[in-house]
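Asker: Encoded as structure tokens, here's the structure I'll be asking about.
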Amino acid sequence: SSDSIFYYDEAGQGKFQQEKPWANDPHYFKRVKISALALLKMVVHARSGGTIEVMGLMQGKTDGDAIIVMDAFALPVEGTETRVNAQADAYEYMVEYSQTNKLAGRLENVVGWYHSHPGYGCWLSGIDVSTQMLNQQFQEPFLAVVIDPTRTVSAGKVEIGAFRTYPEGYKPPDDPVSEYQTIPLNKIEDFGVHCKQYYALDITYFKSSLDCHLLDLLWNKYWVNTLSSSPLLGNGDYVAGQISDLAEKLEQAENQLAHSRLGGIVPGPFQRKKEEESQLAKITRDSAKITVEQVHGLMSQVIKDILFNSVRQ
Amino acid sequence: ENSLLRQVSSLLRRLPAIESEKFQDDFLMEYNDTLLITYLAMFTNC
Amino acid sequence: MDVEQKQEELIDHFVKQASAHKGSALGTVVVEATSHPSLFAFSEILSVPNIVELEGTENSIFLDVLQLFAHGTWSDYKSNISRFPPLVPDQVLKLKQLTVLTLAETNKVLPYDQLMQELDVTNVRELEDFLINECMYSGIVRGKLDQLRRCFEVQFAAGRDLRPGQLGSMIQTLSNWLSTSDNLLVSIQEKIKWADTMSELDKKHRKDVHDKVDEVKKALS
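Listed in order, the protein sequences are those of chains L, D and B. Residue numbering for the first sequence follows this note's numbering, starting at 8 and increasing by one per position. Residue numbering for the second sequence follows this note's numbering, starting at 2 and increasing by one per position. Residue numbering for the third sequence follows this note's numbering, starting at 45 and increasing by one per position.
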């Protein structure tokens, strides 16, 4: 029964497509289910891009207010701040891939796109928002997924976000605050200006019985790989970037503080006080998060050293 | 059981996993780096 | 592990052979066993009663050969060559493979010079061919040849037969390992408990500060 999710009900999907329930409720889709296969392919592809953004498309179906991602494939597109329709060959590739899939009996349609934000968190930038809005006009249902491969390694868990944009001019009710994440200083503006134009969906994962079997077989290999790798060594650049970003934020906070003391054009004392606190509170939280990840990395190294290097013949 | 004994002996031969000077240096370097970051974090907290 | 599985059937086969023959007829069994390309363990054969009986008889030389292949090295053979019959080429190859296992037991990094001396190999090329073709491909060792530093880094080496008295030190090492692991677990538990208490204290402190701020606000208003 757990494999029933893999069954594609073409008639049902067609009917749902006709009804377009999302047309009159911008918040209609609330959940995303991602298959183990699609997740692995996306994360490995994102990781392979290094510090460059990579992107691809996701195939799947819908089930009520949930979008189900069954599979994903990479697009031959690289670069920063790129749009999914940035290059003609990407388009050609997409169409050909989808048609071949149909011939091979894979009936799922494209239900969204994913791309990576190496090292700077899971959110939609300005260009991402416009890309997604365009897709939601012509290719509904369509989902945007962002993966941060660098933080995935550093945090030891997949950093992923799924989003849908609101229609132009729509004013969302006050959103519940989504999970806090560190935004680098040079991205804060791009993040801040557009963060109200989209909302995050709740992500869950599923795997088929074959997936379970294969993953069991790979368990030992995965376990040994995890044991013999160290996030401290693999992510040195990322941590250095985080710390220099923190230093810049501290400097900025200090400048603003000095600036406000000179009595420039600023809001009332209480408002200023509140603003500075939240800024400093964020900086402190960022610094604590980095430190926790580093200490975790160090703990695993120390434990391995004690367990495997202290035994004498 | 000889076969099992041979396997245990082979396993024990693999320990310690790493013994080189260089490893100790790198290990201590990492250790100090992390302590330094922790120190900076405490400063930021203050 | 794979090595052990591969040779399990062979060991059974030769144990049956040894049980079925007596005296001088065991000579061919011994030569066959010590020449077989996939057999690197002989203690099971050594414990067959017919083999044990060879002690002190005119056929004890076969017992010596088996013990040489169970525990000895190529140097051992050369330094006591008068005690053994001439070895056939397959036996020589086998004994050299076993010598690499013994060397790998004591060191993880084996310099080429030491290997060449122990194995009577005259040049590096021949040594590397031997390590790759006869040792790595047969699965008894896994490792990396470092041509620049002229050494062989061993990652895995199959276990040889235990020498008398070795069991004690193995048990000692295992119990050390076990006690180290237990100590580590205890210290991790303690650290977790410590972290919990610190976070409780922190929460309480934070609450106290908030209460105080509320009080001051009230007083002000």
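For each residue, glycine too, the CB sits at the ideal point set by N, CA and C. These figures come from a predicted structure and were not determined experimentally.
Look at the alpha carbon of residue 37 (chain L) and the alpha carbon of residue 151 (chain L), and state the distance between them as a whole number of angstroms.
Answerer: Distance between the alpha carbons of residue 37 (chain L) and residue 151 (chain L): 13 Å.
Asker: Check each candidate in L:291, L:11, L:256 and L:309 and name the one with the smallest Cα separation from residue 187 (chain L).
Answerer: When only C-alpha atoms are compared, the closest one is L:291.
Asker: Figure out for me which residue from B:97, B:90 and B:101 has the closest Cα to the Cα of residue 112 (chain B).
Answerer: Closest by alpha carbon: B:90.
Asker: If we call anything under 8 Å between Cβ atoms a contact, is residue 118 (chain B) one with residue 150 (chain B)?
Answerer: Cβ distance not < 8 Å, so residue 118 (chain B) and residue 150 (chain B) don't count as in contact.
Asker: In whole angstroms, what separates the C-alpha of residue 250 (chain B) from that of residue 64 (chain L)?
Answerer: Going from the Cα of residue 250 (chain B) to the Cα of residue 64 (chain L) covers about 47 Å.
Asker: With 8 Å as the C-beta to C-beta threshold (strictly closer), list the residues of the segment 205 to 225 of chain B near chain L in chain order.
Answerer: Correct list: 213, 217, 220, 221, 224 and 225.
Asker: Within the 8 Å Cβ cut-off, does residue 116 (chain L) reach chain D?
Answerer: Cβ-Cβ to chain D under 8 Å: no for residue 116 (chain L).
Asker: According to DSSP, simplified to helix, strand and coil, what is residue 63 (chain B)?
Answerer: The answer is helix: DSSP assigns residue 63 (chain B) an H, G or I state.
Asker: Under 8 Å: do the segment 54 to 61 of chain L and the segment 115 to 125 of chain L share three or more Cβ pairs, one atom per stretch?
Answerer: A contact exists between the segment 54 to 61 of chain L and the segment 115 to 125 of chain L.
Asker: Roughly how many angstroms separate the alpha carbons of residue 72 (chain L) and residue 205 (chain L), rounded to a whole number?
Answerer: Each residue's alpha carbon lies about 16 Å from the other.
Asker: Would you kindly work out how many angstroms separate the C-alpha atoms of residue 273 (chain L) and residue 242 (chain L), rounded to a whole number?
Answerer: Note that residue 273 (chain L) scores a pLDDT of 49, beneath 50, so its modelled location is shaky; the value from the coordinates is reported in the next line. Approximately 40 Å, taken between the alpha carbons.
Asker: Can you tell which of L:173, L:11, L:110 and L:80 has its C-alpha closest to the C-alpha of residue 208 (chain L)?
Answerer: The option with the nearest alpha carbon to residue 208 (chain L) is L:173.
Asker: Give the DSSP-derived three-state secondary structure of residue 201 (chain B) in the structure shown.
Answerer: Of the three classes helix, strand and coil, the one that applies to residue 201 (chain B) here is strand, per DSSP.
Asker: List, in order along the chain, the chain D residues whose C-beta lies closer than 8 Å to that of residue 113 (chain B)?
Answerer: Simply none; closest approach about 14 Å.
Asker: Using a cut-off of 7 Å between C-beta atoms, extract the partners of residue 228 (chain B) located in chain L.
Answerer: Under the 7 Å cutoff, chain L gives 310, 313 and 314.
Asker: How about the segment 199 to 215 of chain B and the segment 65 to 82 of chain B: do they share at least three Cβ pairs that are nearer than 8 Å?
Answerer: No contact exists between the segment 199 to 215 of chain B and the segment 65 to 82 of chain B.
Asker: Using the C-alpha atoms, what's the distance from residue 246 (chain B) back to residue 236 (chain B)?
Answerer: Taking the straight line joining both Cα atoms gives about 15 Å.
Asker: For residue 66 (chain L), write down the residues that DSSP places opposite it in a beta bridge.
Answerer: DSSP lists L:78 and L:117 as partners of residue 66 (chain L).
Asker: Just the Cα atoms here: how many angstroms apart are residue 20 (chain L) and residue 69 (chain L)?
Answerer: Residue 20 (chain L) and residue 69 (chain L): Cα-Cα distance of roughly 7 Å.
Asker: Residue 212 (chain B) to residue 79 (chain L), Cα distance in whole Å?
Answerer: Computed Cα separation, rounded: 56 Å.
Asker: If you measure between the beta carbons of residue 62 (chain B) and residue 94 (chain B), is that distance less than 8 Å?
Answerer: It is a contact, given that the beta carbons lie within the stated cut-off.
Asker: Verify the CB distance criterion: does residue 317 (chain L) have a CB-CB separation below 8 Å to chain B?
Answerer: Answer yes: the Cβ-Cβ gap between residue 317 (chain L) and chain B drops below 8 Å somewhere.
Asker: Is residue 405 (chain L) helix, strand or coil when you go by DSSP?
Answerer: This structure cannot speak to residue 405 (chain L), because chain L is shown only from 8 to 320.
Asker: Using Cβ-Cβ distances below 8 Å, what residues of the segment 281 to 306 of chain L are close to chain D?
Answerer: Flagged, chain order: 290, 291, 294, 295, 297, 298, 301, 302, 304 and 305.
Asker: Is DSSP giving residue 209 (chain B) helix, strand or coil here?
Answerer: Coil.
Asker: Quick check on residue 131 (chain L) - is its C-beta less than 8 Å from some C-beta in chain D?
Answerer: Chain D, which has no Cβ nearer than 8 Å to the Cβ of residue 131 (chain L), makes this no.
Asker: Look at the alpha carbon of residue 193 (chain B) and the alpha carbon of residue 23 (chain D), and state the distance between them as a whole number of angstroms.
Answerer: Distance between the alpha carbons of residue 193 (chain B) and residue 23 (chain D): 15 Å.
Asker: Counting only C-beta atoms, is residue 234 (chain L) closer than 8 Å to chain D at any point?
Answerer: Closer than 8 Å: no.
Asker: Check the Cβ-Cβ distances between residue 22 (chain D) and every residue of chain L, and say whether any is below 8 Å.
Answerer: Output row for residue 22 (chain D): interface = no.
Asker: Rounded to whole angstroms, what is the Cα-Cα separation between residue 216 (chain B) and residue 229 (chain L)?
Answerer: Each residue's alpha carbon lies about 31 Å from the other.
Asker: Reducing DSSP to helix, strand and coil, say where residue 47 (chain D) ends up.
Answerer: DSSP places residue 47 (chain D) in coil when its eight states are reduced to three.
Asker: Mapping DSSP to helix, strand and coil, what is residue 71 (chain L)?
Answerer: If DSSP states are grouped into helix, strand and coil, residue 71 (chain L) belongs with coil.
Asker: Check the Cβ-Cβ distances between residue 192 (chain L) and every residue of chain D, and say whether any is below 8 Å.
Answerer: Not an interface residue.
Asker: Runs of 4 residues minimum, wholly inside the segment 66 to 96 of chain B: which ones carry the alpha helix (DSSP H) assignment?
Answerer: List check, alpha helix (DSSP H) in window: 70 to 79, 87 to 90 and 93 to 96.
Asker: Of all the residues that make up the segment 43 to 58 of chain L, which are near chain D by a beta-carbon distance shorter than 9 Å?
Answerer: Answer in chain order: no residues at all.
Asker: With a cut-off of 8 Å, does the C-beta of residue 25 (chain D) fall near any C-beta of chain B?
Answerer: False, the Cβ-Cβ gap to chain B never drops below 8 Å.
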